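Below: the structure, in structure tokens.
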Ligand SMILES: Cc1cc2nc3c(=O)[nH]c(=O)nc-3n(C[C@H](O)[C@H](O)[C@H](O)COP(=O)(O)OP(=O)(O)OC[C@H]3O[C@@H](n4cnc5c(N)ncnc54)[C@H](O)[C@@H]3O)c2cc1C
Ligand code: FES
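Protein chains in written order, with the numbering used here: chain H, 2 to 107; chain Y, 4 to 403.
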């Protein structure tokens, strides 16, 4: 279990306990956090699970070629802290992760 | 339209999306989603991919947690079939014995795998893949060294083949036509997938017909008999010969059914109070003259969103979303924007041998769609390009 904070562009905050083994995308989707579409169910295909990582307690897995290319065509601009949240597996160590959702996904 | 009850039949991707979007649009009335399955709504694509491979669990499939649905007052009537629609009374009869009144009814009943019409197809080693239950049971059969015969080189059959190879199974695919995914893919992409499967050690037999499945009922193994006399011994046979739309309820209700529940551009059946969406619906092709029935997450989700917007708004224009689809096999992520069936010319961008390329498919000079292998940026751009091509057409149609 890890506590993940999802921030909306308007400042609204949702704090969720996401089970280890899940992903930052799935945690948001199942609990209906607005701003995550997750159209491809986490297959790294659709780029509708874009987030900006504000704080991570541990280094995140590296961005692979596929994720990098998808991040280049997200609907909200890519920033240095952009990630696809389906490519972020939740582990106990990830506790206190903070992400901000982009204004748009599609 | 804000207070009267809406009933959704089917708690798959389409039905769930319709319910969620209705609430987002401010629908406040009673909202029931009747679903034959016992699981809360879940993602099907991983069933032949990560879930079958064992790298994703059931938690990774859930679309919305039950607590969230409760919070939105979306009542999931699980483990229950809608068995009849009484249109005069505007109510749906349930297998549990009760019934639900509706002001609007949304049919989102999905589709069901076709079975092989040959002797022996009911043998327990012969499987289809549609539900989380099917996938869980199939997974236990995919052990290193297991002999797997896949019937049908379509998307599901090939994904299962790739996953089974990854788990160390011996895989043979039997296909009646002469190439893989012949109906939905351009030749370069189809050939690329074939090459990948062969490189990964899958045996593919083209132009072969299965005539029977021969096995002692209580024994685990079975033999697949082909028309040319070949016998393929198998520990498990996966039948991937397509699906048929689940239209039984619509038929008994007297609605128009022709390989799908027939709907108009507003996804409305002949009865204006009843809509059909997702895998079960046959709708007018926004880019052509005929009709379409699609089996994809995009179609289910976009039609769910559309029907909610239509029911809550007044005179929305017709449904025009650009179709897209993907499949994942070995290291190849194939994405398709638009529908490329029927193209008369294609242009390949990039070298297929590099494993990263796109194929643009045209008909009479008009772009039908783009198939991209490991080129996600091309895919996203193609979706935008196709949407822009559709926009003026939609505007012109609305002006008529
Ligand atoms: C193994 C597999 C892999 C796939 N991979 C991909 C992919 O990579 N990309 C992609 O885009 N698509 C993929 N798809 C297709 C995609 O999952 C479907 O198109 C989508 O799920 C359709 O959603 P739906 O809601 O229309 O139907 P379904 O998801 O089939 O849901 C319909 C539901 O209605 C229920 N139901 C039916 N009749 C009744 C009744 N009378 N009463 C109550 N309940 C009823 C059914 O039990 C079912 O739960 C895949 C499908 C499968 C099976
Ligand atoms: S959910 Fe589709 S890319 Fe992350």
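We put the CB at the ideal spot given by N, CA and C, even for glycine. Since this is a predicted model, take the numbers as computed values, not measurements.
| Asked | Found |
| --- | --- |
| Residues of chain H with a CB under 8 angstroms from the CB of residue 300(Y): which are they? | 40, 41 and 42 |
| Between which two residues does the alpha helix (DSSP H) harbouring residue 20(Y) extend? | 16–27 |
| Taking residue 23(H) as the query, report the chain Y residues whose CB atoms sit under 8 angstroms from its CB, ordered along the chain. | 62 and 63 |
| Which residues have their C-beta within less than 7 angstroms of a heavy atom of ligand 2, listed in chain order? | 26(H), 39(H), 40(H), 41(H), 42(H), 43(H), 44(H), 45(H), 46(H), 47(H), 48(H), 49(H), 50(H), 71(H), 85(H), 86(H), 87(H) and 88(H) |
| Does residue 402(Y) come out as helix, strand or coil in the three-state DSSP assignment? | Model confidence at residue 402(Y) stands at a pLDDT of 46, short of 50, so the residue's coordinates are unreliable; what they give is reported in the following sentence. Looking at residue 402(Y) - three-state DSSP - the assignment turns out to be helix. |
| Flag residue 47(Y) as yes when its Cβ comes closer than 7 angstroms to any non-hydrogen atom of ligand 1, and as no otherwise. | yes |
| For residue 331(Y), which option in 190(Y), 96(Y), 199(Y) and 122(Y) has the closest C-alpha, if you only look at C-alpha atoms? | 199(Y) |
| Assuming residue 338(Y) is part of the beta strand (DSSP E), what are its boundary residues? | 335–341 |
| Consider the Cβ of residue 339(Y): report whether some Cβ of chain H lies at a distance smaller than 8 angstroms. | no |
| Alpha carbon to alpha carbon, how far is residue 108(Y) from residue 276(Y)? | 6 angstroms |
| Leaving aside the five residues before and after residue 241(Y) along the sequence, list all residues of the same chain whose C-beta is less than 6 angstroms from its C-beta, in chain order. | 130, 153 and 163 |
| Output, in chain order, the set of chain H residues within a Cβ distance shorter than 7 angstroms of residue 2(Y). | Since the first residue shown for chain Y is 4 and the last is 403, residue 2(Y) is missing from the structure and cannot be characterised. |
| Between residue 252(Y) and ligand 1, is the CB less than 7 angstroms from at least one heavy atom? | yes |
| For a contact meaning CB atoms closer than 8 angstroms, what does residue 73(H) contact in chain Y? | 380 |
| I'd like to know whether the C-beta of residue 113(H) is nearer than 8 angstroms to at least one C-beta of chain Y. | Since the first residue shown for chain H is 2 and the last is 107, residue 113(H) is missing from the structure and cannot be characterised. |
| Out of 126(Y), 142(Y), 16(Y) and 89(Y), which one is the CA nearest neighbour of residue 54(Y)? | 142(Y) |
| When DSSP builds the beta bridges, which residues end up paired with residue 304(Y)? | According to DSSP, residue 304(Y) bridges with nothing at all. |
| Since residue 70(Y) is in the alpha helix (DSSP H), which residue starts that stretch and which ends it? | 69–74 |
| Is residue 1(Y) near ligand 1, in the sense that its beta carbon is under 7 angstroms from a heavy atom of that ligand? | A question about residue 1(Y) goes unanswered here, because the residues of chain Y that appear run from 4 up to 403. |
| By how many angstroms is the C-alpha of residue 78(Y) removed from the C-alpha of residue 7(H)? | 27 angstroms |
| Name the chain H residues whose beta carbon is nearer than 8 angstroms to that of residue 383(Y)? | 48, 71 and 74 |
| Could you say which of 262(Y), 239(Y), 244(Y) and 243(Y) lies nearest to residue 250(Y) if we only look at CA atoms? | 262(Y) |
| What is the DSSP secondary structure of residue 106(H), counted as helix, strand or coil? | coil |
| With DSSP collapsed to three states, give me the class of residue 180(Y). | coil |
| Is residue 215(Y) close to ligand 1? I mean its beta-carbon at under 7 angstroms from any heavy atom of the ligand. | no |
| Taking a contact to mean a Cβ-Cβ separation below 8 angstroms, would you say residue 370(Y) touches residue 337(Y) in this structure? | no |
| Heavy atom of ligand 4 less than 7 angstroms from the Cβ of residue 255(Y), yes or no? | With respect to ligand 4, the structure offers nothing, as its ligand set consists of ligand 1 and ligand 2. |
| Residue 24(H) and residue 90(H) - do their beta-carbons sit closer together than 8 angstroms? | yes |
| Would you grab the beta carbon distance between residue 208(Y) and residue 85(Y) for me? Rounded to a whole angstrom, and I think it's under 8 angstroms. | Not really, about 41 angstroms apart at Cβ, beyond 8 angstroms. |
| I'd like to know if residue 60(H) contacts chain Y, where contact means its C-beta is closer than 8 angstroms to some C-beta of that chain. | no |
| Pull out every residue of the region 8–23 of chain H whose Cβ sits closer than 8 angstroms to any Cβ of chain Y, in chain order. | 20, 22 and 23 |
| Measuring only between beta-carbons, confirm whether residue 27(H) sits less than 8 angstroms from chain Y. | yes |
| Could you tell me whether the Cβ atoms of residue 42(H) and residue 48(Y) are closer together than 8 angstroms? | yes |
| So, does the CB of residue 323(Y) fall closer than 8 angstroms to a CB anywhere in chain H? | no |
| Give, in chain order, every residue of the region 150–178 of chain Y whose Cβ lies closer than 8 angstroms to some Cβ of chain H. | none |
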